[in-house]
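The structure under discussion appears below in the form of structure tokens.
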Amino acid sequence: MSVLHVNKSNFDSVKESSKPVLLDFYADWCGPCRMVSPIVDEIAKENPQYLVGKINVDKEPELAEAFRVFSIPTLAVMKDGKILCQSSGAKPKPQILAMLEG
């Protein structure tokens, strides 16, 4: 499954997903975000049991504010509309998968 670009108009459907959701809050100008981005893409392709989305904080400041994103990259895992965990900073693939697996 490919990565979904999340914005205000499609966020409600993402939030209501029956699958665990991984959200990657990023900005195009952010170096660590560019390091995490291909890992997130890989996780999306290899794990159809998850919904993986990316949120550009420059284009979607309201969503970033709703998740209290103060630094990027920030990764958040949601299930049934609730945030299960959230972490800032670049992470290796095993750590991101561990967040998803709870």
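Just so we're aligned, residue -10 is where the sequence shown starts under our numbering, counting upward by one. Here a beta-carbon is modelled for each residue, glycine too, at the ideal position from N, C-alpha and C.
In whole angstroms, what is the alpha-carbon distance linking residue i and residue j?
i	j	result
MET67	VAL3	9 angstroms
VAL29	SER77	14 angstroms
GLY42	MET24	16 angstroms
LEU15	PRO62	For clarity, residue 15 is Tyr in the given sequence; the question names Leu instead. Cα-Cα distance, rounded: 5 angstroms.
GLY70	GLY91	15 angstroms
PHE56	GLU31	24 angstroms
Based on the DSSP output, what are the partners of residue i in its beta bridges?
i	result
GLN75	ALA65
TYR39	Its beta-bridge partners do not exist; DSSP assigns none.
ILE44	PHE14
Could you check which residue in the options has the C-alpha nearest to that of residue i?
i	options	result
ALA33	ILE72, CYS74, SER(-9) and PHE56	SER(-9)
PRO27	ALA87, TYR39 and ALA79	ALA79
VAL58	LEU40, CYS74 and ASP69	CYS74
For residue i, which of helix, strand or coil comes out of DSSP?
i	result
VAL10	strand
I'd like the list of long-range same chain contacts for residue i, defined as Cβ closer than 8 angstroms, with 5 residues on each side in sequence excluded.
i	result
GLU51	LYS(-3)
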